[in-house]
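Residues 33 to 243 (my numbering) make up the sequence shown, in order. Here's the structure we're looking at; comments come further down.
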Amino acid sequence: MVVYCPHKVILFGEHAVVYGYPALSVTVDLFAKIFFVPNRGGGQYTPFVRRALDYVGLSNVYVKVETNVPSGSGLGTSSMVIAAILLNSGDYTKEDLAKSSFDIEYEVQGLGSPIDTTTIVSGGFVLTNGKHGIPLWDIEKNGIKWKFSSLPAKNMDMVVVYSGSKGSTKEQVAKVKRFYERGRFARDIMERIGNITDEGASLVMKGDVSG
33 MVVYCPHKVI
43 LFGEHAVVYG
53 YPALSVTVDL
63 FAKIFFVPNR
73 GGGQYTPFVR
83 RALDYVGLSN
93 VYVKVETNVP
103 SGSGLGTSSM
113 VIAAILLNSG
123 DYTKEDLAKS
133 SFDIEYEVQG
143 LGSPIDTTTI
153 VSGGFVLTNG
163 KHGIPLWDIE
173 KNGIKWKFSS
183 LPAKNMDMVV
193 VYSGSKGSTK
203 EQVAKVKRFY
213 ERGRFARDIM
223 ERIGNITDEG
233 ASLVMKGDVS
243 G
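In C-alpha coordinates, the structure reads:
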(Lines of atoms letter the chains of each structure in order from A and count residues from 1; the text may use other names and numbers.)
(Lines give C-alpha, C1' and ligand atoms only; values in the text may rest on other atoms or scores of the structure.)
Protein backbone atom coordinates (compact mmCIF):
# COMPACT_ATOMS: atom_id res chain seq x y z
CA MET A 1 0.00 0.00 0.00
CA VAL A 2 1.05 3.58 -0.63
CA VAL A 3 -0.01 6.57 1.46
CA TYR A 4 0.38 10.11 0.13
CA CYS A 5 0.96 12.84 2.70
CA PRO A 6 1.60 16.58 2.38
CA HIS A 7 4.39 18.44 4.06
CA LYS A 8 3.63 21.54 6.13
CA VAL A 9 5.18 24.81 7.24
CA ILE A 10 4.56 26.92 10.33
CA LEU A 11 4.11 30.52 9.24
CA PHE A 12 3.71 32.11 12.66
CA GLY A 13 4.08 30.89 16.22
CA GLU A 14 6.87 28.33 15.92
CA HIS A 15 7.87 27.08 19.41
CA ALA A 16 5.43 29.45 21.14
CA VAL A 17 2.64 27.04 20.21
CA VAL A 18 4.23 24.41 22.46
CA TYR A 19 3.11 26.52 25.42
CA GLY A 20 -0.40 27.16 24.13
CA TYR A 21 0.15 30.43 22.29
CA PRO A 22 -1.41 31.02 18.84
CA ALA A 23 0.23 29.67 15.69
CA LEU A 24 -0.61 29.51 12.00
CA SER A 25 0.45 26.61 9.80
CA VAL A 26 -0.37 25.34 6.33
CA THR A 27 0.18 22.31 4.15
CA VAL A 28 2.19 22.86 0.98
CA ASP A 29 2.13 21.29 -2.46
CA LEU A 30 5.03 18.98 -1.65
CA PHE A 31 3.92 15.42 -1.10
CA ALA A 32 5.68 12.32 0.13
CA LYS A 33 4.87 8.74 -0.80
CA ILE A 34 5.12 6.23 2.02
CA PHE A 35 5.35 2.61 0.92
CA PHE A 36 4.64 -0.39 3.15
CA VAL A 37 6.40 -3.51 1.91
CA PRO A 38 6.19 -6.90 3.67
CA ASN A 39 9.64 -7.81 4.94
CA ARG A 40 10.49 -10.46 7.49
CA GLY A 41 13.56 -8.56 8.55
CA GLY A 42 11.73 -5.28 9.10
CA GLY A 43 14.15 -2.37 9.02
CA GLN A 44 16.19 0.15 10.97
CA TYR A 45 13.95 3.05 11.90
CA THR A 46 13.93 6.32 13.77
CA PRO A 47 12.35 6.21 17.24
CA PHE A 48 9.22 7.88 15.83
CA VAL A 49 8.70 5.24 13.16
CA ARG A 50 9.50 2.36 15.51
CA ARG A 51 7.00 3.59 18.10
CA ALA A 52 4.30 4.05 15.46
CA LEU A 53 4.86 0.53 14.15
CA ASP A 54 4.66 -0.85 17.68
CA TYR A 55 1.48 1.15 18.25
CA VAL A 56 -0.30 -0.59 15.37
CA GLY A 57 1.35 -3.96 15.97
CA LEU A 58 3.46 -4.08 12.81
CA SER A 59 6.90 -5.64 12.77
CA ASN A 60 7.60 -7.49 9.53
CA VAL A 61 7.28 -4.49 7.28
CA TYR A 62 9.66 -2.16 5.49
CA VAL A 63 8.63 1.50 5.47
CA LYS A 64 10.01 3.45 2.53
CA VAL A 65 9.59 7.21 2.24
CA GLU A 66 9.97 9.01 -1.07
CA THR A 67 10.14 12.80 -0.87
CA ASN A 68 12.18 15.63 -2.31
CA VAL A 69 12.18 17.38 1.06
CA PRO A 70 15.39 16.98 3.10
CA SER A 71 14.97 15.46 6.55
CA GLY A 72 15.43 17.87 9.42
CA SER A 73 14.15 20.82 7.38
CA GLY A 74 11.14 21.52 9.60
CA LEU A 75 8.46 20.45 7.14
CA GLY A 76 6.89 17.80 9.35
CA THR A 77 8.36 14.61 7.93
CA SER A 78 8.26 12.69 11.21
CA SER A 79 4.65 13.63 11.91
CA MET A 80 3.70 12.80 8.36
CA VAL A 81 5.21 9.31 8.50
CA ILE A 82 3.58 8.57 11.87
CA ALA A 83 0.17 9.54 10.50
CA ALA A 84 0.74 7.45 7.38
CA ILE A 85 1.64 4.36 9.42
CA LEU A 86 -1.53 4.67 11.48
CA LEU A 87 -3.70 5.37 8.44
CA ASN A 88 -2.26 2.34 6.67
CA SER A 89 -3.25 0.11 9.57
CA GLY A 90 -6.79 1.15 10.42
CA ASP A 91 -9.80 3.38 9.94
CA TYR A 92 -9.49 6.73 11.66
CA THR A 93 -11.46 9.92 11.69
CA LYS A 94 -9.27 12.92 11.01
CA GLU A 95 -9.53 13.96 14.64
CA ASP A 96 -8.57 10.53 15.98
CA LEU A 97 -5.69 10.26 13.51
CA ALA A 98 -4.32 13.66 14.53
CA LYS A 99 -4.63 12.89 18.24
CA SER A 100 -3.13 9.40 18.06
CA SER A 101 -0.25 10.61 15.90
CA PHE A 102 0.50 13.38 18.38
CA ASP A 103 0.42 10.94 21.30
CA ILE A 104 3.15 8.91 19.60
CA GLU A 105 5.20 11.97 18.73
CA TYR A 106 4.92 13.34 22.26
CA GLU A 107 5.84 10.02 23.83
CA VAL A 108 9.06 9.83 21.82
CA GLN A 109 9.99 13.51 21.99
CA GLY A 110 8.84 14.21 25.54
CA LEU A 111 7.59 17.68 24.62
CA GLY A 112 5.98 19.47 21.72
CA SER A 113 2.63 20.47 20.28
CA PRO A 114 0.11 18.76 18.00
CA ILE A 115 0.35 21.47 15.34
CA ASP A 116 2.30 19.30 12.88
CA THR A 117 0.06 16.24 13.07
CA THR A 118 -3.14 18.29 12.98
CA THR A 119 -2.01 20.38 10.01
CA ILE A 120 -0.89 17.36 7.99
CA VAL A 121 -4.12 15.47 8.71
CA SER A 122 -6.47 18.43 8.24
CA GLY A 123 -4.79 20.11 5.28
CA GLY A 124 -4.97 23.76 4.29
CA PHE A 125 -4.42 26.64 6.69
CA VAL A 126 -4.73 25.67 10.35
CA LEU A 127 -4.93 28.22 13.16
CA THR A 128 -4.05 27.13 16.68
CA ASN A 129 -5.57 28.95 19.67
CA GLY A 130 -6.54 31.86 17.48
CA LYS A 131 -9.56 34.10 17.04
CA HIS A 132 -10.64 33.06 13.55
CA GLY A 133 -11.65 30.06 11.49
CA ILE A 134 -13.95 27.05 11.53
CA PRO A 135 -13.45 24.82 14.61
CA LEU A 136 -11.75 21.48 13.99
CA TRP A 137 -10.92 19.83 17.34
CA ASP A 138 -9.17 20.36 20.65
CA ILE A 139 -6.18 18.48 22.06
CA GLU A 140 -4.92 18.71 25.63
CA LYS A 141 -1.69 17.43 27.15
CA ASN A 142 -0.23 18.10 30.60
CA GLY A 143 -2.45 21.08 31.27
CA ILE A 144 -1.88 22.79 27.92
CA LYS A 145 -4.83 22.97 25.52
CA TRP A 146 -4.70 23.55 21.79
CA LYS A 147 -7.87 24.57 19.94
CA PHE A 148 -7.57 24.08 16.20
CA SER A 149 -9.56 25.73 13.46
CA SER A 150 -9.51 25.64 9.68
CA LEU A 151 -8.75 29.08 8.36
CA PRO A 152 -10.58 30.10 5.18
CA ALA A 153 -8.02 31.89 3.08
CA LYS A 154 -7.79 33.28 -0.41
CA ASN A 155 -5.45 31.65 -2.90
CA MET A 156 -1.94 32.97 -2.61
CA ASP A 157 1.57 32.08 -3.67
CA MET A 158 4.28 31.59 -1.09
CA VAL A 159 7.92 30.67 -1.48
CA VAL A 160 9.43 28.27 1.05
CA VAL A 161 13.22 28.51 1.10
CA TYR A 162 15.39 25.73 2.48
CA SER A 163 18.47 27.18 4.16
CA GLY A 164 20.44 23.95 3.84
CA SER A 165 20.88 23.77 7.60
CA LYS A 166 19.42 20.68 9.25
CA GLY A 167 18.23 20.68 12.83
CA SER A 168 16.80 18.40 15.47
CA THR A 169 13.30 19.41 16.50
CA LYS A 170 13.74 17.65 19.83
CA GLU A 171 16.91 19.60 20.60
CA GLN A 172 15.41 22.94 19.58
CA VAL A 173 12.26 22.35 21.62
CA ALA A 174 14.38 21.49 24.65
CA LYS A 175 16.48 24.64 24.16
CA VAL A 176 13.39 26.85 24.01
CA LYS A 177 12.02 25.09 27.10
CA ARG A 178 15.10 26.08 29.10
CA PHE A 179 14.71 29.67 27.93
CA TYR A 180 10.97 29.69 28.69
CA GLU A 181 11.49 28.48 32.24
CA ARG A 182 13.94 31.27 33.10
CA GLY A 183 11.35 33.92 33.76
CA ARG A 184 8.82 36.47 32.61
CA PHE A 185 10.89 37.84 29.73
CA ALA A 186 10.42 34.65 27.71
CA ARG A 187 6.68 34.69 28.34
CA ASP A 188 6.47 38.29 27.16
CA ILE A 189 8.12 37.23 23.91
CA MET A 190 5.69 34.34 23.52
CA GLU A 191 2.73 36.67 24.04
CA ARG A 192 4.06 39.02 21.39
CA ILE A 193 4.49 36.09 19.01
CA GLY A 194 0.85 35.21 19.69
CA ASN A 195 -0.25 38.75 18.84
CA ILE A 196 1.73 38.66 15.60
CA THR A 197 0.09 35.35 14.74
CA ASP A 198 -3.40 36.81 15.17
CA GLU A 199 -2.44 39.74 12.94
CA GLY A 200 -0.99 37.37 10.36
CA ALA A 201 -4.09 35.17 10.36
CA SER A 202 -6.29 38.19 9.65
CA LEU A 203 -4.10 39.16 6.70
CA VAL A 204 -4.04 35.61 5.32
CA MET A 205 -7.84 35.51 5.37
CA LYS A 206 -7.82 38.65 3.23
CA GLY A 207 -5.19 37.28 0.88
CA ASP A 208 -2.83 40.08 1.88
CA VAL A 209 0.71 38.75 2.07
CA SER A 210 2.31 42.19 2.03
CA GLY A 211 1.16 43.14 5.54
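Glycine included, every Cβ here is placed at the ideal spot set by N, Cα and C.
Bounds of the alpha helix (DSSP H) holding ALA233 are 216-238. Just measuring C-alpha positions, the residue of GLU139, TRP169, GLY122 and ARG224 sitting nearest THR150 is TRP169. Pairing GLU127 with GLY196, the inter-Cα distance amounts to about 33 Å. With respect to VAL34, LYS65 sits close: the two C-beta atoms are nearer than 8 Å. Taking C-beta atoms under 8 Å as the contact rule, VAL60 and VAL192 qualify, at a distance of about 6 Å. Nearest C-alpha to ARG82 among GLU139, GLY106 and SER105: GLU139. Under a 10 Å Cβ-count criterion, ILE166 is classified as exposed, with fewer than 16 other Cβ atoms of the shown protein chains found around its own Cβ. As the crow flies, the alpha-carbon of ILE152 is around 27 Å from that of TYR212. In the DSSP secondary-structure assignment, PRO54 is not bridged to any residue.
Taken atom to atom, the span from the alpha-carbon of ILE136 to that of ILE228 is near 30 Å. It is roughly 31 Å from the alpha-carbon of GLY52 to the alpha-carbon of TYR77. Taken atom to atom, the span from the alpha-carbon of GLU203 to that of SER145 is near 14 Å. For ARG72, same chain residues with a beta-carbon under 7 Å away, outside a window of 5 residues either side, are ASN92 in chain order.
Residues GLY239 of the same chain have their beta carbon placed closer than 8 Å to that of ASN187, with the five preceding and five following residues left out of the count. For LYS96, the pairing in a beta bridge is given by DSSP as PHE67.
Check the Cα spacing between ALA48 and each of ASN161, PHE63, ASP86 and GLN141: the tightest is with ASN161. Contact check for LEU118 against LEU107 fails: the beta carbons are separated by 8 Å or more. Comparing alpha-carbon positions, the option among ALA115, ILE225 and ILE147 lying closest to PHE180 turns out to be ILE147. With a cutoff of 8 Å on beta-carbon distance, VAL88 and SER121 are scored as near each other. Annotated as proximal: VAL236 and PHE157, with beta-carbon spacing under 8 Å. In the three-state reduction of the DSSP assignment, THR125 falls in the coil class, being assigned neither a helical nor a strand state. Under the 10 Å beta carbon count, PRO102 is surrounded by fewer than 16 other beta carbons and is classified as exposed.
With contacts defined as CB atoms closer than 8 Å, LEU43 and LEU62 fail to qualify as a contacting pair.
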